[in-house]
Structures are given as structure tokens and as C-alpha cells.
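Chemist: Could you have a look at this structure, given as C-alpha cells, before my questions?
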Amino acid sequence: KLPGETVSYSYDLEYGSDSLHIQSDAIQPGQRVVVMDDLLATGGTLVASISLLRKVGANVVGAATMIELTGLGGRNRLDIPVKTLVSYEE
Numbered sequence: 537k538l539p540g541e542t543v544s545y546s547y548d549l550e551y552g553s554d555s556l557h558i559q560s561d562a563i564q565p566g567q568r569v570v571v572m573d574d575l576l577a578t579g580g581t582l583v584a585s586i587s588l589l590r591k592v593g594a595n596v597v598g599a600a601t602m603i604e605l606t607g608l609g610g611r612n613r614l615d616i617p618v619k620t621l622v623s624y625e626e
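Printed below as a string of C-alpha cells:
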């Protein structure tokens, strides 16, 4: 659990649900943010992360991932530019 007041965003997984949390004062309204993740597959975690950041007023300007599984189409769910180091086709 994070200390202080937090904001959360719940989202569905393939076999259940999960939630992300951020301290309510961690991002200033209008602050430009790039989201980093290790893997882009279906895009669910990045969509949830972007939604949470926007909920607290961030201006999400892009995302970066280490690996992308292109056959799962996660990039198509995102409305921001995405940079990936390694792409794997399935």
C-alpha cells in the first residue's frame, strides 16, 4: 500500500481483474509523462496505466517498452506513440 491519499484504476485481466494505484499528489496537472513497461502484449496494463495517469491530470505523451508481442495487437489499443526495443511476431 502507498502512503497518503491515493487514486486507483481497476481493469480486467484475461482471468480476473487488477488495479493500479498512484499517490494523488505524485503528478502535477498537465505534467508530461512517458509510461514505461517491460512488455507490450494485449496492451491492457498500458491502457490502465495511461487511464490512471490521465485521471490525476497527467499529459501522457508516449510509452516505451522493452519487448512487444506484435501478434497480440496491443499497440492498436493505445492512442499515444509507442517505442519498443525488441519486437516478436507470433
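Sequential numbering from 537 applies to the sequence shown in my numbering.
In this text, a Cβ means the ideal position worked out from N, Cα and C, and glycines have one as well.
1) Helix, strand or coil for L589, going by three-state DSSP, please let me know.
2) Is the beta carbon of V571 closer than 8 Å to that of I586?
3) Leaving out five residues before and five after P565 in sequence, what residues of the same chain have Cβ atoms less than 6 Å from its Cβ?
4) Which same chain residues, not among the five before or five after G610, have their C-beta less than 8 Å away from its C-beta?
5) Measuring alpha carbon to alpha carbon, tell me which residue in Y624, V569, T601 is nearest L588.
6) Output yes or no for whether 8 Å exceeds the beta carbon distance between S555 and V543.
Modeler: Based on what the coordinates show:
1) helix
2) yes
3) G593
4) L576, A577, T578, G579, G580, L582, E604
5) V569
6) no
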